[in-house]
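If you're matching positions, the sequence shown starts at 0 in numbering that gives the first Met the number 0 and goes up one per residue. C-beta: ideal position from N, C-alpha, C; glycine also. Okay, structure first, notes after.
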Amino acid sequence: MENLKDLIDRLRIGLIQYTEEGIKPLNDEGRRILGVLKKEDVENIQKGDIKVIDVVIDGRRVKYRVEPLMDGDNLILCFYPETDMCINYSQYKFSRIVEMIEVIAGISHRINNPLQAVMGFSELLKERTNDKELLEYTEHIISSVTRIKGVVDQFCAYTNMLKNYDEKKEIQISRILEDSLLLLKSHPYYTMVDVAYVIERDFSINASPEMIKEAFFRLLENAIEFAYSSGTDGWVRITVDRGEEEGRVLVENSGSPIDASKAVQIFEHFYSTSGDKLGLGLGIAKRLITWNNGSIVYKEDSKHPAFLIEFPVSEREKVSGILIVDDEVENVKLLEKALSSMGYKVDCAYTGKEALEKIESERYNVIILDMILPDMSGYRVFLDMDDEQKKRVIVFTGDSMHPELKELKKWGVRVLLKPVTIETLKSEIEGIVNERG
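So this is what it looks like as structure tokens:
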């Protein structure tokens, strides 16, 4: 125990406990963190609304990742500083978990043989007796064996997924969701509930695709089962949106709300709100999301079961701002909607003067520029840009005979003649983003 305490102190992990009597720090780092937090920060952390905090302690700026743990009825919050030492420790902890799961899975395989005997002899007994009491006992035995086999199967699937997980890379969250839903179409309840999702603004994250797909599979499977239990009009709704720094996925279903006192416990392995089955689902989903720098909380203020998942958006996407310069309102609305749904931050300008003001105050990754504007030509706007911004321009025009197009082409500017498909425009945008960063 002393060695564990030394490790926690060396890693500067802060521990804070919430009890019925109030809040108390469990170590020196927890005491220092509490000393600089505002009251509203403490309340938001306790509710699970804050996953990362950035504070100044003893003259040093530290970013902590906050994770809740349960100690009986008490909630303990662990504040992990994002330092190289803690990152290395997290990687070490992950490798040890994989080793542990492999051992458990190996034991699980050995359980299957005696389980087969228990199941088989129970079925034989069921066929050879008319005793109602014995028949009831055999049904209980077979049901219990089935539950155990389900747990064993989950362990095996979990182990294989961890052993074969792929390296982190940039992935689009909507595609991962679609892959997970595709796998769930074979679920017996899938066609019995209304499953739909809305993409307000798509986003990309740096994560292991297989881990995130597995996490959403578990979460959506849970939502479908809850929705089915709510009756004939069961539904599941998935909403994707993003802010400046983080992307959000909200998963709601028509089932009965979970008791607020169980909001943290539902992410523990084998915990069940109904007590009718054992499972790893939400526990696995939470750990896979956390291992990929995300967070998941149960929204207690919702009328229906709702889970909010948040990820930091990829670094490249944070700076993928696009300026649309066009005086055709319908064209601007179309491009703004299409590009926003792909996860880009979009600004609009309807005149050359407005465009130059925006370019002067903000750096854009891509500028989509029309040639004919109310106050000046697109070429004039282009000439007033600095050399770096000139390299990020896509001329988007319906005037293929405009005399200044030749001059723009001499600069090496990409020129697209209206109309073009959204996919073509997207490809040109991604070309600039990948090339220029």
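When DSSP labels each residue in this structure, what does residue i get in the three-state scheme?
i	result
residue 256	coil
residue 112	helix
residue 205	strand
residue 247	strand
residue 386	helix
residue 238	strand
residue 323	strand
residue 119	helix
residue 233	coil
residue 64	strand
residue 18	strand
residue 217	helix
residue 58	coil
residue 136	helix
residue 372	coil
Going straight from the alpha carbon of residue i to that of residue j, what length do you get?
i	j	result
residue 324	residue 357	10 Å
residue 17	residue 75	6 Å
residue 413	residue 392	7 Å
residue 184	residue 150	22 Å
residue 409	residue 326	25 Å
residue 65	residue 288	14 Å
residue 273	residue 246	Note that residue 273 has pLDDT 49, beneath the 50 cutoff, so the model's placement of it is unreliable and the number below is only indicative. Approximately 32 Å, taken between the alpha carbons.
residue 210	residue 313	17 Å
residue 295	residue 354	40 Å
residue 249	residue 404	46 Å
residue 230	residue 194	14 Å
residue 173	residue 265	26 Å
residue 253	residue 368	46 Å
residue 43	residue 121	53 Å
residue 4	residue 206	31 Å
residue 299	residue 37	23 Å
residue 292	residue 390	34 Å
Within the continuous beta strand (DSSP E) that includes residue i, where are the two ends?
i	result
residue 172	Unbroken run through residue 172 is the alpha helix (DSSP H), 172–183; no beta strand (DSSP E).
residue 295	294–297
residue 307	305–311
residue 344	344–348
residue 415	413–416
residue 397	Here residue 397 belongs to no beta strand (DSSP E), and DSSP marks it neither H nor E.
residue 365	365–368
What do you get for residue i, buried or exposed, if any count of 16 or more other CB atoms within 10 angstroms of its CB means buried?
i	result
residue 213	buried
residue 225	buried
residue 191	exposed
residue 400	exposed
residue 68	exposed
residue 251	buried
residue 142	exposed
residue 395	buried
residue 364	buried
residue 379	exposed
residue 113	exposed
residue 387	exposed
Taking the alpha helix (DSSP H) that residue i belongs to, which residues open and close that run?
i	result
residue 340	328–340
residue 23	Residue 23 -> not in any alpha helix (DSSP H); beta strand (DSSP E) instead, spanning 21–24.
residue 200	Segment: none, residue 200 is in no alpha helix (DSSP H) and carries neither H nor E.
residue 360	351–360
residue 378	377–382
residue 33	27–35
residue 404	404–409
Counting only C-beta atoms, is residue i closer than 7 Å to chain D at any point?
i	result
residue 139	This model lacks chain D altogether; it includes just one protein chain.
Examine the ligand SAH and report whether any of its heavy atoms sits within less than 6 Å of the Cβ of residue i.
i	result
residue 407	With respect to the ligand SAH, the structure offers nothing, as it holds no ligand at all.
Checklist entry - At a cut of 8 Å, does the region 373–386 reach the region 338–347 through at least three beta carbon pairs? => result The region 373–386 is not in contact with the region 338–347.
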